[in-house]
Amino acid sequence: MSARTTVLADVAAITRPRRARTLMRALRIIHPFPTLLNVAATAALAFVAAGGAPDAGTLATMLLVMLCAQSAIGVTNDYCDRGLDAASKPWKPIVAGVVQARDAVILAGALVVAAAALAATLGPGSFGLAMLGMGCGLAYDVRLKRTVWSALPFMVAIPVLPAWVWLTLGGWQTALWWLLPLGALIGLALHLANTLPDIDADASYGIAGLGHRLGARGSMSVAWASFGAALALSGAIAPLVAYDIRIYAATASLGALCLAASAGAFALRRDSFALQLGFGVLGAGSAALAVGWLAAVG
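Taking the working numbering, the leading residue of the sequence shown gets 2, the next gets one more, and so forth.
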């Protein structure tokens, strides 16, 4: 092996890990954790909706739609928040220079087109709900996040997800209309709890969403009340809905436990960690209640 070949091999060995690290930093722009969480939620709901045996091709298309739609929302979020992130989150891909702002716009547009094209193959009703869900996320990023209407996209998108899954897989039933008020209450709770960890940094940058207007204490109080109302409503409609009571009781109890844990975390400490923990626990409770309620109905 010549000296030149040896040098080139050494350079390649050094730069390969660096390129891999750069790629991983760039991938943060799609918000991989919440994106994959939504993909996993879609898969779980699909198995519940189809009685454990969804059509493989339809399921794969649905998961790709969710992957593209959520990635588009994540990229758009980073683009719209690049000014705020420069002050508070310098590791973000656009701020760090790993992804150029112009490239982020192109990527977001391509992901929106891909999500729409894939959703169109699932039928007009499914397409409409998929576009409504994605539109909620994009509207939040571009405008509504900074207004008193910031909770609205969550209140619409949360019930739209299971409605989309059930409609696409042909399992829609009358009881599922209760998804609308239940999902709206859960969406309000999640939005306000999600706002809390960054509430001070956001407010200093001029963001005035619903959570910022209510303040930390008001936001958490409304979040607990909203989630508690969802729990109460799901129980109150039991005489109207044919529940599998064992499934419902188990998941509703878990939801109530998560609500108590979230309140406890906030009562014990008010720092960023407690707020993040409170949001995470409330999110877990919401997922348990939603999936459990749907399984109990189905």
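Note that the Cβ used here is the ideal one computed from N, Cα and C, for glycine as well.
Everything numeric in this text was worked out from a predicted model, so none of it was measured.
Given this structure, state the Cα-to-Cα distance separating V157 from K146, to the nearest angstrom.
14 Å
Could you check what DSSP says for I248 in three-state terms: helix, strand or coil?
helix
Taking the beta carbon of M25 as the centre, do at least 16 other beta carbons fall within 10 Å, making it buried, or is it exposed?
exposed
Mind checking which residues open and close the alpha helix (DSSP H) that includes Q58?
Correcting the residue identity first, residue 58 is Gly in this sequence and not Gln. Under the DSSP assignment, G58 falls in the alpha helix (DSSP H) whose first and last residues are A57 to C81.
Within a Cβ cutoff of 7 Å, which residues of the same chain sit near M67, ignoring the five residues on either side of it in sequence?
Answer for M67: N39, V40 and T43, listed in chain order.
Please confirm whether W225 and S263 have their CB atoms less than 8 Å apart.
yes
Check I31 in the structure and name its three-state DSSP category.
helix
Whole angstroms is fine: what's the gap from G129's alpha carbon to A70's?
13 Å
Between the C-alpha atoms of A88 and L295, what's the straight-line distance to the nearest angstrom?
42 Å
My understanding is that G99 touches T23, with C-beta atoms under 8 Å, so please give their C-beta distance in whole angstroms.
In the sequence under discussion, the amino acid at residue 99 is Val, which differs from the Gly named in the question. Right, the Cβ-Cβ distance comes to about 6 Å (below 8 Å), so this counts as a contact.
For A13, count neighbouring C-beta atoms within 10 Å of its own C-beta (all shown protein chains included) and say buried if the count is 16 or more, exposed if not.
Since pLDDT at A13 reaches only 45, below the 50 mark, its modelled position is unreliable, and no value is offered.
A51 and L177: beta carbons closer than 8 Å?
no
Mark F267 as exposed unless 16 or more other C-beta atoms lie within 10 angstroms of its C-beta, in which case mark it buried.
buried
DSSP state of G52, grouped into three classes?
coil
Determine the burial state of F34: buried for a count of at least 16 other Cβ atoms within 10 Å of its Cβ, exposed for fewer.
exposed
Measure the CB-CB distance between L191 and A231 and report whether it falls below 8 Å.
no
Assess, as a yes-or-no matter, whether the segment 54-66 is touched by the segment 115-131 under the definition of 3 or more beta carbon pairs within less than 8 Å.
yes
Taking only the alpha-carbon atoms, compute the straight-line gap between G219 and C81 and give it to the nearest angstrom.
If I take the Cα positions, the gap works out to 26 Å.
If we ignore side chains and look at the alpha-carbon of each, how far apart do P163 and W173 end up?
10 Å
Spatial neighbours of R214 within its chain, please: CB distance less than 8 Å, with the 5 preceding and 5 following residues excluded, ordered by chain position.
Within the same chain, R214 has close Cβ partners V149.
Since A140 and L211 are thought to touch, with beta carbons under 8 Å apart, how far apart are those beta carbons, to the nearest angstrom?
Between L211 and A140 the Cβ distance is about 14 Å, and since that is not below 8 Å, they are no contact.
Quick check: L290 and A243, are their CB atoms within less than 8 Å of each other?
no
Alpha carbon to alpha carbon, how far is A57 from P91? Give it in angstroms, no decimals.
41 Å
Please list the terminal residues of the continuous alpha helix (DSSP H) segment that includes Y141.
P125 to V143
Go ahead and pull the three-state DSSP assignment for T36.
helix
Just to confirm before moving on: does the CB-CB distance between L180 and P160 stay below 8 Å?
In this structure, L180 lies near P160, with their beta-carbon atoms less than 8 Å apart.
Could you say which of S222, S127 and V292 lies nearest to T196 if we only look at CA atoms?
S222
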